[in-house]
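To start, the structure under review is shown below, and the notes come after it.
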Amino acid sequence: KSGKLIWVKISASHLQNKEGEVIGSLGTITDISEIRKAYEDLKAREERFVSFMDNIPAAAWIKDPEGKFLFINKNYANRFKLQPENVVGKKVEDLIPLHAISPSIQVDKRIILEGIKDELVEFNATPDGEGHHWLVSRFPIPVPHKKLNQLGGIAFNVTTLIETQNQLEKSVKEKDILL
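Going by the numbering used here, the sequence shown opens with residue 627, and the numbers climb by one from there.
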């Protein structure tokens with residue numbers, strides 16, 4: 627009536643008599659504009675979230691209560707030479723040698739079970755064999771109607787900061803020895 631375009635769902639079926647002959651049809655048209663708008667809004671929020679996560683200068687991830695990845699950002703994928711589509715649904719130990727990440731797995735499990743936050747500096751090697759210092763923050767992500775939490779994490783590479791701090795401390799000690 628108003629000329630406004632709307633999204634609709636159309637359902638139709640044939641009406642048959644006792645002999646199975648088609649004698650008519652029955653149809654419904656349902657306005658699904660609100661459902662479509664909710665879908666588009668959700669899609670826009672998801673795209674905004676991914677864009678934000680892919681542009682932060684840190685590795686970021688979300689895991690389910692079993693420790694399987696639900697999401698990694700581009701920085702995480704690049705740092706560990708992974709393809710995001712090959713990571714979702716897998717555990718970190720399926721992707722990275724266990725000796726390199728064993729302490730991290732224990733911390734993850736504690737956060738998922740206890741619902742606590744944790745922040746610490748970790749030393750891990752990347753696939754290129756170089757060791758890096760990471761400021762890692764892990765936190766629970768509550769899941770409605772579920773007993774266990776998901777796990778969110780973000781890790782900043784602080785290797786240069788740590789190396790500079792160590793060099794400064796070494797220089798101060800050398801200065802003290804000389805004086």
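All C-beta atoms in this analysis are idealised placements derived from N, C-alpha and C, irrespective of residue type, glycine included.
Candidates the options: closest to residue i by CA position
{"i": "Gly-779", "options": "Arg-764, Lys-717, Glu-748 and Tyr-702", "result": "Arg-764"}
{"i": "Asn-722", "options": "Leu-746, Asp-754 and Val-747", "result": "Rather than Asn, the amino acid found at residue 722 in this sequence is Ile. When each option's Cα is compared against that of Ile-722, the closest is Asp-754."}
{"i": "Phe-749", "options": "Lys-717, Lys-644 and Glu-789", "result": "Glu-789"}
{"i": "Lys-775", "options": "Glu-740, Leu-746 and Val-747", "result": "First, the residue type needs correcting, since residue 775 is Asn and not Lys in the sequence shown. Ranking the options by Cα distance to Asn-775, first place goes to Glu-740."}
{"i": "Thr-786", "options": "Lys-772, Asp-734, Val-798 and His-759", "result": "His-759"}
{"i": "Phe-675", "options": "Lys-700, Ile-742, Val-733 and Gly-715", "result": "Lys-700"}
{"i": "Arg-662", "options": "Gly-653, Glu-645 and Lys-635", "result": "Lys-635"}
{"i": "Ile-742", "options": "Glu-756, Ala-751, Ser-730 and Pro-766", "result": "Pro-766"}
{"i": "Asp-680", "options": "Tyr-665, Ala-664 and Tyr-702", "result": "Tyr-702"}
Cβ separation of residue i and residue j, assumed to be a contact under 8 Å, to the nearest whole Å
{"i": "Val-713", "j": "Ile-737", "result": "Not really, about 19 Å apart at Cβ, beyond 8 Å."}
{"i": "Phe-782", "j": "Leu-761", "result": "5 Å"}
{"i": "Arg-705", "j": "Ala-685", "result": "5 Å"}
{"i": "Lys-689", "j": "Leu-696", "result": "6 Å"}
{"i": "Ser-637", "j": "Ser-651", "result": "Not really, about 11 Å apart at Cβ, beyond 8 Å."}
{"i": "Trp-687", "j": "Ser-659", "result": "Going by Cβ atoms, the distance from Trp-687 to Ser-659 rounds to 36 Å, so no, they are not a contact pair."}
{"i": "Lys-669", "j": "Gly-693", "result": "Rounded, the Cβ-Cβ distance is 28 Å, inconsistent with contact."}
{"i": "Val-784", "j": "Val-747", "result": "7 Å"}
{"i": "Leu-777", "j": "Asp-734", "result": "6 Å"}
Coil, strand or helix - residue i by DSSP
{"i": "Asp-802", "result": "helix"}
{"i": "Asp-690", "result": "coil"}
{"i": "Ala-703", "result": "helix"}
{"i": "Val-733", "result": "helix"}
{"i": "Lys-669", "result": "helix"}
{"i": "Asn-775", "result": "coil"}
{"i": "Lys-630", "result": "coil"}
{"i": "Ala-664", "result": "helix"}
{"i": "Val-676", "result": "helix"}
{"i": "Lys-796", "result": "helix"}
{"i": "Leu-787", "result": "helix"}
{"i": "Pro-710", "result": "helix"}
{"i": "Val-718", "result": "helix"}
Min CB distance residue i to chain B below 8 Å
{"i": "Gly-755", "result": "No chain B appears in this structure, which consists of one protein chain only."}
Alpha helix (DSSP H) runs wholly inside the region 737 to 761, at least 4 long, in chain order: You should have found no qualifying run.
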